[in-house]
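**Q**
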Amino acid sequence: MNLNFCHKVAATFLFWLKSIRFFNWAAPAIFVLAVLHGATGQVVAHDPTDLMTQAAAAREQNDLPEAITLYSQVVERTPNSPDAWWFLGSLQYATGAYVPARDALSHYVELTPKAGPALALRGLCEFETGQFPEALQDIQRGISMGAANQPRNEQILRYHEALLLTRLGNYDQALKAYGYFAKNGIRNPDLMVAIGLAGLHTPLLPRDVASDQKDMLSAAGEAAFAFLSGDETSAAQRFEDFFHRFPQATYAHFLYGYLLFATDPNGALAQFKQELTVSPSNVDAGVMTAWALLVQNRPADALPYAQMAVAKEPGNPAAQLVAGRSLLETGDVNDGIEHLEELLKMDPKNLDAHIALAGAYSKSGRKDDAHRERMLSLQLSNESAETVNP
Amino acid sequence: MRVLKPSILKLPLALLVILIVHTSARSQSSHENAAASCAGCHAAQSQEQPHTPMGMGLQLPAADPLFTAHPVLKIQKGPYTYTVETKGSSSIYSVTDGTRTISLPIHWSFGKGAQTWVLDMNGELYESMMSYYPSIDGLQVTTGDEVLDPKTLEEAVGRKLRKTEPADCFGCHSTNGVAEGNLHLQTMEPGVTCEHCHTGSVAHMIAGLQGQGYETAPPNLAKLTSEDMSNFCGRCHRTWATVVRGGTRGPIDVRFQPYRLANSKCFDGADPRISCVACHDPHKSLATSQSYYDTKCLACHALKNSAPPKDAPSDAKACPVATSNCASCHMPEVKLPNGLMTFHDHEIRVVKPGSSYPN
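Note that the protein sequences, when read in sequence, are chains V and S. For the working numbering, count along the first sequence from 1 and bump the result up by 3. Counted from 1, the second sequence has number 264 at position 275 by the working numbering; the numbering is strictly sequential.
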């Protein structure tokens, strides 16, 4: 394989991403012409076959159907040509043919496994075809392999990553991803709606939001954005305004509490409790109320919230964790262990569960089990640190 | 048998006690007064405690013997010169770059031996960039702050404390300074007093004087399991869980004894012989005799060729090498990376030659 081609693919990808204007993140296909233009003639000199030459010429002339046809013929004859797969996939993506584009890029990735940009582009295809878990995985892998190595590309990929995290219900990770935009002062109306969706635990994409919900979501997004930007005073005011305008909005107090938690645990606790007055059966609010109380060494106060949460959602790992810890720390060691072991069945690498179990086994005189859990916890903690700082 | 006092006596007596406690608050010797009040019934625990490192965990400058012994402390660090100068009851921490100087009064000295100062600059609290270390009898960079590279004179003063940190600092080094996670310097008493660990002891004392002491006794900490005791002490000395979550690894974590101890294979959270207080009486100064600690090890381990102690754990082996000075090998001294402080490693283990520091 032509090694220079890797660089060319990356360059094409970067150019392509650069061409996507901020307000069109969700409709990159519009920029097909720029993509084609950006790759002008680069492969011709390196590929002697007539078909490749003709395909490149068609691409140069913006004759997308012809170029796609010709590249399809190339890959039929020489299926090990990464160059042809790349152009075929990117052109198909550009014309909105996301399924064949995805498949073509899959061939390319098979031939070039460490191609971050191709993985990221495949992730964007999968985003369009509704394969959200796959899209998230590919975009995150692409980012980890350097696809987000320029600010513009990073914006596009992080935005889609955050959208996908929200769509898949991983709201706290989504908010962390949106923190990138707040820290860099990047904002627009769609972004505010998107942050609002993550903040208010709504597993939708902005394009799927009903028009009568946009105002509320945008207001929540603006408040969270202010907080994530470091302007806590403005955030406080915006949240107050929000609570006044939308007193029944679920997860709004939870969102503010979540944001406050690291710097103002008391304020956060008050917000979590407030969420429970708006939405008494909110398991997440029950979990976070219990967690905030456990952090303050108030396990007896935490216990009722934890029990409410785990009774409503026994399959919720966080609910099992707070229930286990609350019971353990109020002296009910055996019941605490039951919850924590149940949690490990769902999530065997849950560090908090291993940490709590170490203490629980230790208290109950199971010295060897406790030591095993301690060493496991250390291992998991070290692995997690290595993941963050490889 | 409990003697009930006539109710008419109760109010003036209670007021008197409150008055004593209240007027003693905020003075350097408040914890001595509080301890003296407790000493009426708990003499053995109260006499020495105010003079221990915990009892003097925070000192007010006027009563800090370090400043009396060292009227001027000075160090040059890169482009900055640090001076701690004491005149009368006032101690000033200054840093200059030769052009400008920032001088701040020291209000609080944290620590009895090694000392760090928390400084108030423009309404924000800072941990002083320089600390005093007895091992060099002088100033050096505060442990953990070696990585800082101050670019301005303001940054050179020290590390600005994060929002929740002042409550953590004062919460451990003083008493009644933190309520519901918030710092309340008006009620803060320097050092760790009875009330710090035995929450409710002041109320108990008042009730005791009214003949109701038994009903109001604070929880008996001696009844905590070793695991719970480790977590209790770990609130300030860092629990095992805190250190694991925090990710601090290497010799710098030798300072966190509850974490180190819990990593030991012999740590059994249900066995009182391995509890923090089995070896350390928090009401007394640190015992330094090796033979004292040997007796603690021999509560579980047999001497070579001797019968094991009663109820010895099945895996508690006799040491094949020595019959005394256990800690010198099995709890070796470890220097912090800055070389300025040394701690016995509480991760009890067989230390093999050339083995690296674990966990």
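C-beta atoms are modelled at their ideal positions from N, C-alpha and C, and glycine is treated no differently.
1. So which residues of chain S does G224 of chain V contact, with C-beta pairs closer than 7 Å?
2. Does T105 of chain S come out as helix, strand or coil in the three-state DSSP assignment?
3. Do A316 of chain S and Y346 of chain S have their C-beta atoms within less than 7 Å of each other?
4. Note down, in chain order, every chain S residue with its Cβ under 9 Å from the Cβ of Q299 of chain V.
5. Residues in its own chain within less than 8 Å of L3 of chain V by CB, not counting five upstream and five downstream?
6. When the Cα of A301 of chain S is compared with those of S:P247, S:T188, S:A291, which residue comes out closest?
7. Assign E113 of chain S to one of three DSSP states: helix, strand, or coil.
8. With a threshold of 7 Å between beta carbons, is V136 of chain S in contact with chain V?
9. Using a beta-carbon distance below 7 Å, is T236 of chain V in contact with chain S?
10. Could you name the residues of the same chain whose beta carbon sits closer than 7 Å to that of R24 of chain V, not counting the 5 residues immediately before and after it, in chain order?
11. Using a beta-carbon distance below 7 Å, is L381 of chain V in contact with chain S?
12. Could you check the C-alpha separation between V47 of chain V and N83 of chain V for me, to the nearest Å?
13. Across which residues does DSSP place P320 of chain V in a beta bridge pair?
14. Can the beta-carbon of G352 of chain S be found closer than 7 Å to that of K366 of chain V?
15. Between the alpha carbons of T290 of chain V and Q310 of chain V, how many angstroms are there, rounded?
16. Check each candidate in V:Q134, V:P136, V:Y183 and name the one with the smallest Cα separation from R155 of chain V.
17. With a threshold of 16 other CB atoms inside 10 Å of the CB of P283 of chain V, please say whether the residue is buried or exposed.
18. Measuring only between beta-carbons, confirm whether N348 of chain S sits less than 7 Å from chain V.
19. With three or more beta-carbon pairs closer than 8 Å as the criterion, would you say the stretch 228 to 241 of chain S touches the stretch 196 to 212 of chain S?
20. For I358 of chain V, decide whether its Cβ has a neighbour in chain S, counting only Cβ atoms nearer than 7 Å.
21. Where do the N-terminal and C-terminal ends of the beta strand (DSSP E) with F332 of chain S fall, by residue?
22. What three-state label does DSSP hand L128 of chain S in the structure shown?
23. State the CB to CB distance for the pair P149 of chain V and A138 of chain V, rounded to an integer number of angstroms; the pair is presumed to be in contact (CB under 8 Å).
24. Buried or exposed for G180 of chain S, going by 16 or more other Cβ atoms inside 10 Å?
25. Between T266 of chain V and chain S, is any beta-carbon pair separated by less than 7 Å?
26. Distance, Cα to Cα, F242 of chain V vs Q274 of chain V?
27. Using a beta-carbon distance below 7 Å, is A230 of chain S in contact with chain V?
28. Alpha carbon to alpha carbon, how far is S219 of chain S from G77 of chain S? Give it in angstroms, no decimals.
29. Would you decide whether K341 of chain S is buried or exposed? Buried here means 16 or more other CB atoms lie within 10 Å of its CB.
30. List the residues of chain V that A259 of chain S touches, going by C-beta distances under 9 Å, in chain order.
31. Could you tell me the distance, in whole angstroms, from the CA atom of L287 of chain S to the CA atom of F99 of chain S?
32. So with Cβ pairs under 7 Å, would you call G334 of chain V a contact of chain S?
33. Does the beta-carbon of C225 of chain S, which I'm using as the reference point, lie nearer than 6 Å to any heavy atom of the ligand ADP?
34. Which residues does DSSP pair with A168 of chain S in a beta bridge?
35. Please name the residue in S:F221, S:C225, S:C183, S:E169 whose C-alpha comes closest to that of C158 of chain S.
36. Report the three-state DSSP secondary structure of V181 of chain S (helix, strand or coil).
**A** For this structure:
1. By one-based count along the first sequence, residue 224 of chain V stands at place 221. Ordered by position in chain S, no residue passes the 7 Å Cβ test against G224 of chain V, which lies about 24 Å from the chain.
2. In the second sequence, counting from the first residue as 1, residue 105 of chain S sits at position 116. Three-state DSSP puts T105 of chain S in a strand.
3. By one-based count along the second sequence, residue 316 of chain S stands at place 327. By one-based count along the second sequence, residue 346 of chain S stands at place 357. Not in contact: A316 of chain S and Y346 of chain S (Cβ atoms no closer than 7 Å).
4. Looking up residue 299 of chain V in the first sequence gives position 296. The contacting residues are E169, G170.
5. Since the displayed chain V opens at 4 and closes at 393, residue 3 of chain V lies outside it and no answer follows.
6. As a first step, residue 301 of chain S must be located in the second sequence, where it is residue number 312. The residue with the shortest Cα to Cα distance from A301 of chain S is S:A291.
7. Within the second sequence, residue 113 of chain S is the residue found at index 124, counting from 1. Note: E113 of chain S maps to strand in three-state DSSP.
8. What you label residue 136 of chain S is simply residue 147 of the second sequence in a count that begins at 1. No, V136 of chain S does not count as interfacial toward chain V.
9. Working through the first sequence from its first residue, we reach residue 236 of chain V at position 233. So, not an interface residue.
10. As a working note, residue 24 of chain V is residue 21 in the first sequence. Note on R24 of chain V: pLDDT 36, under 50, position unreliable in the model; no value is reported.
11. The residue given as residue 381 of chain V occupies position 378 in the first sequence. At least one chain S Cβ lies under 7 Å of L381 of chain V.
12. Locating residue 47 of chain V in the first sequence gives position 44, where the first residue counts as 1. Locating residue 83 of chain V in the first sequence gives position 80, where the first residue counts as 1. Only weak support is given to the placement of V47 of chain V: the predicted model assigns it a pLDDT of 41, under 50, and the question is left unresolved by the model.
13. Taking the first residue of the first sequence as 1, we reach residue 320 of chain V at position 317. Partner(s): none; P320 of chain V has no beta bridge.
14. Because chain S here runs from -10 to 348, residue 352 of chain S falls outside it and cannot be looked at.
15. What you label residue 290 of chain V is simply residue 287 of the first sequence in a count that begins at 1. What you label residue 310 of chain V is simply residue 307 of the first sequence in a count that begins at 1. Here residue 290 of chain V is Val; the residue named in the question, Thr, does not match the sequence. Roughly 9 Å between the two C-alpha positions.
16. Residue numbering aside, residue 155 of chain V sits at position 152 when the first sequence is read from its first letter. Residue nearest to R155 of chain V within the set V:Q134, V:P136, V:Y183 is V:Y183 (criterion: CA-CA distance).
17. On the first sequence, position 280 is the one that residue 283 of chain V refers to. Exposed is the call here.
18. Numbered from 1 along the second sequence, position 359 holds the residue referred to as residue 348 of chain S. Chain V, which has a Cβ nearer than 7 Å to the Cβ of N348 of chain S, makes this yes.
19. Between the stretch 228 to 241 of chain S and the stretch 196 to 212 of chain S there are fewer than three C-beta pairs closer than 8 Å, too few to call the two in contact.
20. As a first step, residue 358 of chain V is located in the first sequence; it is residue number 355 there, counting from the start. Chain S contact via Cβ: present.
21. Indexing the second sequence from 1 puts residue 332 of chain S at position 343. Membership of F332 of chain S in the beta strand (DSSP E) is indicated by the continuous run 331 to 333.
22. Taking the first residue of the second sequence as position 1, residue 128 of chain S is located at position 139. DSSP places L128 of chain S in strand when its eight states are reduced to three.
23. Reading the first sequence from its first residue, position 146 is the one you call residue 149 of chain V. Reading the first sequence from its first residue, position 135 is the one you call residue 138 of chain V. According to the sequence displayed, residue 149 of chain V carries Gly and not Pro. With 8 Å as the limit, G149 of chain V and A138 of chain V do not qualify as a contact, their Cβ atoms being about 18 Å apart.
24. If you number the second sequence from 1, residue 180 of chain S lands on position 191. With 16 or more other Cβ atoms within 10 Å, it is buried.
25. As a working mapping, residue 266 of chain V is identified with position 263 in the first sequence. Yes, because at least one Cβ of chain S sits closer than 7 Å to the Cβ of T266 of chain V.
26. For the purposes of this step, residue 242 of chain V is identified with residue 239 of the first sequence, where counting begins at 1. For the purposes of this step, residue 274 of chain V is identified with residue 271 of the first sequence, where counting begins at 1. Each residue's alpha carbon lies about 11 Å from the other.
27. To locate residue 230 of chain S, count along the second sequence from 1; it is residue 241. Yes, A230 of chain S counts as interfacial toward chain V.
28. Residue numbering aside, residue 77 of chain S sits at position 88 when the second sequence is read from its first letter. Residue numbering aside, residue 219 of chain S sits at position 230 when the second sequence is read from its first letter. Rounded to whole angstroms, G77 of chain S to S219 of chain S spans 41 Å at the Cα level.
29. Counting from one through the second sequence, the residue named residue 341 of chain S turns up at place 352. K341 of chain S is exposed by the Cβ-count criterion.
30. Position 270 of the second sequence, counted from the start, is the residue given in the question as residue 259 of chain S. Neighbours of A259 of chain S on chain V, chain order: S365, K366, S367, G368, R369, K370.
31. Residue numbering aside, residue 287 of chain S sits at position 298 when the second sequence is read from its first letter. Residue numbering aside, residue 99 of chain S sits at position 110 when the second sequence is read from its first letter. If you take the alpha carbons of L287 of chain S and F99 of chain S, they lie about 36 Å apart.
32. As a working mapping, residue 334 of chain V is identified with position 331 in the first sequence. Under the Cβ distance rule, G334 of chain V does not count among the residues neighbouring chain S, no pair being separated by less than 7 Å.
33. By its list of ligands, the structure shown contains no ligand whatsoever, and the ligand ADP lies outside what it can speak to.
34. The residue given as residue 168 of chain S occupies position 179 in the second sequence. Bridge partners of A168 of chain S: S:N171.
35. Locating residue 158 of chain S in the second sequence gives position 169, counting from the first residue. Per the Cα distances, S:C225.
36. Reading the second sequence from its first residue, position 192 is the one you call residue 181 of chain S. Here V181 of chain S sits in coil by DSSP.
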